[in-house]
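Structure, as structure tokens:
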Amino acid sequence: MTLDVGVLGYRFMGRAHANALSRLEMFFPDAPDTNRSVLIGRDESALEAAADRLGFDSTATDWEDTLNKIDVLYNLGPNHVHVEPSIAALEAGVSVLCEKPLAPTFSDATRMAAAARESPATAGIAFNYRFVPAIQYARNLIADGALGTIHHVRARYLQDWLVDPEAPWSWRLDKSLAGSGALGDLGAHSIDLVRFLLGDQVGPIERLSGQLTTFVDERPVPDEDEPRPVTVDDAYSAQVAFASGATGLFEASRFANGHDNDNTVVINGSDGSLRFSLERLNELELLTGEDRGYQTVLVTDSDDPYVEHWWPPGHVLGWEHTFVHENYEFLSAVRDDETFTPDFQDGLAVQRIMDAIQRSDRDGTWIEP
Ligand code: SOE
58 MTLDVGVLGY RFMGRAHANA LSRLEMFFPD APDTNRSVLI GRDESALEAA
108 ADRLGFDSTA TDWEDTLNKI DVLYNLGPNH VHVEPSIAAL EAGVSVLCEK
158 PLAPTFSDAT RMAAAARESP ATAGIAFNYR FVPAIQYARN LIADGALGTI
208 HHVRARYLQD WLVDPEAPWS WRLDKSLAGS GALGDLGAHS IDLVRFLLGD
258 QVGPIERLSG QLTTFVDERP VPDEDEPRPV TVDDAYSAQV AFASGATGLF
308 EASRFANGHD NDNTVVINGS DGSLRFSLER LNELELLTGE DRGYQTVLVT
358 DSDDPYVEHW WPPGHVLGWE HTFVHENYEF LSAVRDDETF TPDFQDGLAV
408 QRIMDAIQRS DRDGTWIEP
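Numbering (the numbering used here), first residue to last: 58 to 426.
Structure follows, in structure tokens:
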């Protein structure tokens with residue numbers, strides 16, 4: 058069985074997923090056969106060039122026309138484009154892998170999650186950092202009780218591409234297109250990672266207090282005379298209380314000078330601690346048992362998650378491999394008609410927390426999400 062894949066979006070995420078699709082046959086021989094069938098976008102000439110480079114059979118400028126020709130839709134467009142194409146695809150029985158955050162708003166995300174529940178097709182959300190070998194190793198350690206009772210979690214995702222006030226406007230800075238800024242783009246990853254690593258240990262977030270900040274209110278648009286307003290947050294922070302009694306701090310920014318892509322999680326438990334940072338994604342810093350301080354573990358042994366598919370120990374992996382692992386799991390679930398996580402219900406759970414953080418900031422109060 059060959060799965061015909063349609064991919065909506067051909068820029069950053071389009072390239073990341075097309076690369077992943079092309080690697081599967083070489084490194085994951087038991088992955089389903091796929092056909093990069095159609096690349097979907099609006100700008101015809103840019104689309105043709107991208108389809109050529111990324112190895113697609115055809116192009117389409119209208120996503121609706123593709124649904125009867127594909128088995129799987131990768132929805133990698135800007136956040137506001139996640140909603141209708143994903144719902145229509147699921148209604149047509151086409152499986153969907155949708156980029157994060159699930160939608161610009163909680164109400165759109167609720168509609169998408171309902172469509173996923175009612176469809177026989179598979180609906181996944183692309184929280185790719187779940188597929189870092191060191192993250193899965195950490196999750197297994199925590200599940201085995203290596204850290205004991207969890208007291209603290211700190212999750213931050215820092216970038217700095219907006220610190221220059223002349224950096225250009227983009228759809229990511231518009232509330233109607235993106236829904237939120239650093240919160241949805243980066244915070245969604247942190248919230249999902251904490252759910253993935255600790256969900257069973259700490260339970261749901263019961264209360265939170267959030268704050269959103271915009272430092273620069275308008276930005277220049279290339280080839281336009283007038284600047285456009287920035288209507289999303291440049292940074293957010295939130296303090297949260299989990300059902301178990303554990304406490305958490307979340308933060309993301311696009312103004313964190315010197316931090317290119319610093320996605321960090323720190324967890325402290327009664328019997329140990331761990332630290333992970335994406336900028337050193339092969340490593341986990343661990344303190345367990347009688348250790349005097351943190352030990353750095355290189356998570357590249359052949360029995361570490363996914364590593365046997367790649368290189369011998371110590372021959373490190375990178376960011377792009379997370380997409381290969383994610384594509385492998387998602388497409389295998391589609392072929393075998395099995396469940397895939399993270400799914401649209403996970404996307405909705407993250408969106409619920411993001412929505413509560415926005416409401417808390419607006420109302421100046423603690424919120425029970
Ligand atoms: C841009 O801020 C971005 O590409 C995010 O959209 C991704 O989700 C993140 O993984 C890297 O940064």
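Idealized CB from N, CA, C, for every residue including glycine. Small disclaimer: the values here were computed from a predicted structure and weren't measured.
At a cut-off of 7 Å, would you count residue i as near the ligand SOE, judging by its Cβ distance to the nearest heavy atom?
| i | result |
| --- | --- |
| residue 243 | yes |
| residue 125 | no |
| residue 232 | no |
| residue 246 | yes |
| residue 253 | no |
| residue 408 | no |
| residue 333 | no |
| residue 384 | no |
| residue 69 | yes |
| residue 4 | The requested residue 4 does not occur in the structure, where the chain is confined to residues 58 to 426. |
| residue 76 | no |
| residue 132 | no |
| residue 314 | no |
| residue 318 | yes |
Within a Cβ cutoff of 6 Å, which residues of the same chain sit near residue i, ignoring the five residues on either side of it in sequence?
| i | result |
| --- | --- |
| residue 89 | 60, 388, 392 |
| residue 134 | 65, 66 |
| residue 354 | 341, 343 |
| residue 381 | 77, 80 |
| residue 27 | Within the shown structure, residues of the chain are numbered from 58 to 426, placing residue 27 beyond reach of any answer. |
| residue 149 | 124 |
| residue 189 | 338, 379 |
| residue 383 | 185, 188 |
| residue 155 | 132, 139, 143, 182 |
| residue 179 | 152, 390, 391, 397 |
| residue 409 | 426 |
Here's a check: name, in chain order, each residue in its chain whose Cβ is nearer than 8 Å to the Cβ of residue i, leaving out the five neighbours to either side.
| i | result |
| --- | --- |
| residue 319 | 213, 214, 215, 216, 313, 334, 335, 336 |
| residue 291 | 219, 238, 239, 270, 271, 272, 273, 310, 311, 312 |
| residue 93 | 62, 64, 75, 78, 79, 111, 112, 113, 114 |
| residue 118 | 97, 98, 99, 101, 104 |
| residue 423 | 264, 265, 266, 417 |
| residue 329 | 203, 204, 205, 343, 344, 345, 346, 348 |
CB-CB under 7 Å to residue i, same chain, minus the five flanking residues each way: which ones, in chain order?
| i | result |
| --- | --- |
| residue 85 | 366, 385 |
Item to check | Contact between the segment 361 to 375 and the segment 120 to 131 (3+ Cβ pairs under 8 Å) | outcome: no
Item to check | the segment 341 to 357 touching the segment 209 to 217, judged by at least three CB pairs closer than 8 Å | outcome: no
Item to check | the segment 309 to 329 in contact with the segment 219 to 231 per 3-pair CB rule at 8 Å | outcome: yes
Item to check | Stretch pair the segment 266 to 286 + the segment 224 to 232: three plus CB contacts closer than 8 Å | outcome: yes
Next on the checklist: Across the segment 359 to 369 and the segment 238 to 251, are there enough close Cβ pairs to call them in contact, namely three or more that are closer than 8 Å?
Outcome noted: no
Checklist entry - Does the segment 98 to 106 come close enough to the segment 398 to 415 to have 3 or more Cβ pairs within less than 8 Å? => result no
Next on the checklist: Is it the case that the segment 189 to 202 contacts the segment 164 to 173, given that we only count it when at least three CB pairs across the two stretches are under 8 Å?
Outcome noted: no
Next on the checklist: Going residue by residue through the segment 366 to 398, where are the continuous alpha helix (DSSP H) segments of at least 4 residues, counting only ones entirely within it?
Outcome noted: 376 to 393
Next on the checklist: List, from N- to C-terminal side, the beta strand (DSSP E) runs of 3 residues or more that fit wholly inside the segment 150 to 217.
Outcome noted: 152 to 155, 180 to 182, 207 to 215
Checklist entry - Where in the segment 58 to 110 do unbroken runs of the beta strand (DSSP E), each at least 3 residues long, occur, reported from the N-terminal end onward? => result 59 to 65, 90 to 97
Checklist entry - Of all the beta strand (DSSP E) runs that stay within the bounds of the segment 287 to 343, which reach a length of 3 or more residues? => result 292 to 299, 304 to 310, 319 to 326, 329 to 334
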